[in-house]
DNA sequence: GATCGGCGATCTGCATACATTTGGCGTATG
DNA sequence: CATACGCCAAATGTATGCAGATCGCCGATC
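Protein chains in written order, with my numbering: chain A, 148 to 374; chain B, 148 to 374.
1. Who are the neighbours of residue 230 of chain A on chain B, taking C-beta pairs under 8 Å?
2. Report buried or exposed for residue 187 of chain A, applying the criterion of at least 16 other Cβ atoms within 10 angstroms of its Cβ.
3. Please list the partners that residue 240 of chain A has in chain B, where partner means a Cβ-to-Cβ separation under 8 Å.
4. Can you name the residues of chain B whose CB is closer than 8 Å to the CB of residue 182 of chain A?
5. Under 9 Å Cβ-Cβ, which residues of chain A neighbour residue 226 of chain B?
6. Quick test of your reading: residue 325 of chain A and residue 264 of chain A, contact by CB under 8 Å. State the CB separation rounded to the nearest angstrom.
7. If the cut is a Cβ gap below 7 Å, which residues of chain A does residue 195 of chain B touch?
8. I need the straight-line Cα distance from residue 275 of chain B to residue 169 of chain A, nearest angstrom please.
9. Between A:303, A:156, A:241, A:330, which lies nearest to residue 261 of chain A when the distance is taken from Cα to Cα?
10. To which residues does DSSP link residue 219 of chain B through a beta bridge?
11. Given a cut-off of 8 Å, decide if residue 267 of chain A and residue 347 of chain A are closer than it, judged by their beta-carbon atoms.
12. I'd like to confirm the pairing. Which residues does DSSP put opposite residue 179 of chain A in its beta bridges?
13. Can you give, in chain order, each stretch of the alpha helix (DSSP H) that sits fully within the stretch 227 to 270 of chain B and has at least 4 residues?
14. Is there at least one Cβ from chain A nearer than 8 Å to residue 299 of chain B's Cβ?
15. Is residue 194 of chain A near the ligand MG, with its Cβ less than 7 Å from a heavy atom?
16. Kindly list the residues whose CB is nearer than 8 Å to the CB of residue 345 of chain A, restricted to its own chain and excluding five residues on each side of it in sequence; keep chain order.
17. Figure out for me which residue from B:281, B:229, B:247, B:228 has the closest Cα to the Cα of residue 315 of chain B.
18. Contact check, residue 290 of chain A vs residue 245 of chain A under 8 Å by CB: the rounded distance?
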């Protein structure tokens, strides 16, 4: 209830809580983030609240209009399509760099991670698949050894993960993802950077493509978390 | 009535001034950005200064260490290599989308812009080339019609342009860039997305590759603007 | 002479107070 | 009855005050 004794700075704590609530859908798009209200809620002054809101604005989660307050950003369908396009590109680079750097042990690890995806797909367990899929991608991205790339991917993931989860629910999507993962792994195994890149890009973009219908349906609603 | 009431908020103004000074090199890497000093300098309180610094931090231009103040961020060589890699990727996507969307009139416009680059190269006018080159790339990126991509490219440009200018000074670099631009235009003209993508990526990455020596030399100095 | 510990200046982090802007509501008017 | 004007409440933008933390300096001690 009343979360007190923040071991870290107030601002940092507030940022992570608000971030979480926005991404979970507790705070819906267009919801107002009132400085005073939040100040009361977190038992702090408006100053750290403002800092947190500025931070969220710069990561794109909220919109700040001068003298008009802060609202949770609503991503339009085109926003999402645009972002998935860029996201695919970055993941593609991640896979390409992975093809250069992964040891054979690490490739085995990748196969193992994809096997978990495959199991989840067999069991038709979307939640399990979603987590395993994230692990697969995270592992690969981390091995790119490009921290800038990694931070950009993580930043975008914050926005897109909710939608990725939706996409997972599409019929046969899980099976196809497993296939595509396998192709990517094969390309990496052969050290074929270019192929790894292209395959990964298509994997993520198809993901966006097949998602378009869902996104359009969502357009009239609140957002990814709406029932 | 007393003061003309700044058309924009103090913070916005401060951000753009500081941004400019950092990118121009007026403020060198590792330079301290003292809140009180800046407050005196801009005739405002510390609050808008703090907001501006937070903003600069989120765009990566400065580092804020808790209780230790704010300093101009020093980009290491690996930071730059990593960023150029990502930058190449994004520009590649820009070119790919351009290949889909550019009308033939716009392609002519691209050729014209590259001709200015060529003229500058002939005249060995690095400054002119640099500007013309930016125009060439900006025009193409803008036609991608992907605003997210565009904003990411612009964000990165802020960091990288100073280095791109350096690279321009490399012997024969200008001529080669003109050649590469031509190949990219040809690919776009043929509607060959994939080629446009790859060529642009290589164009920018080579740019990074050939720059590595320069960057390493700079490592021991202040930064791109040091004489 | 070198090193360690304590003290003080200074700065950041947060709280509070004041100023300005915005948007709503009620009233007056065409 | 619709529209426009003006006032008021509330929220944001800015200023300032206070407490805790960090760093440098100076003296004491080995």
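We put the CB at the ideal spot given by N, CA and C, even for glycine.
This one's a predicted model, so the numbers in the text were calculated from it and none came from an experiment.
Straight from the coordinates:
1. 295
2. exposed
3. 232, 233, 236
4. The premise fails here: residue 182 of chain A is roughly 13 Å from chain B at the closest Cβ pair, so nothing lies under 8 Å.
5. 294, 295
6. 5 Å
7. Going along chain A, no residue has its Cβ under 7 Å from residue 195 of chain B, so there is no contact; the nearest lies around 11 Å.
8. 47 Å
9. A:330
10. B:209
11. no
12. A:218
13. 251 to 269
14. yes
15. Ligands displayed in this structure: none; no statement on the ligand MG is therefore possible.
16. 239
17. B:281
18. 5 Å
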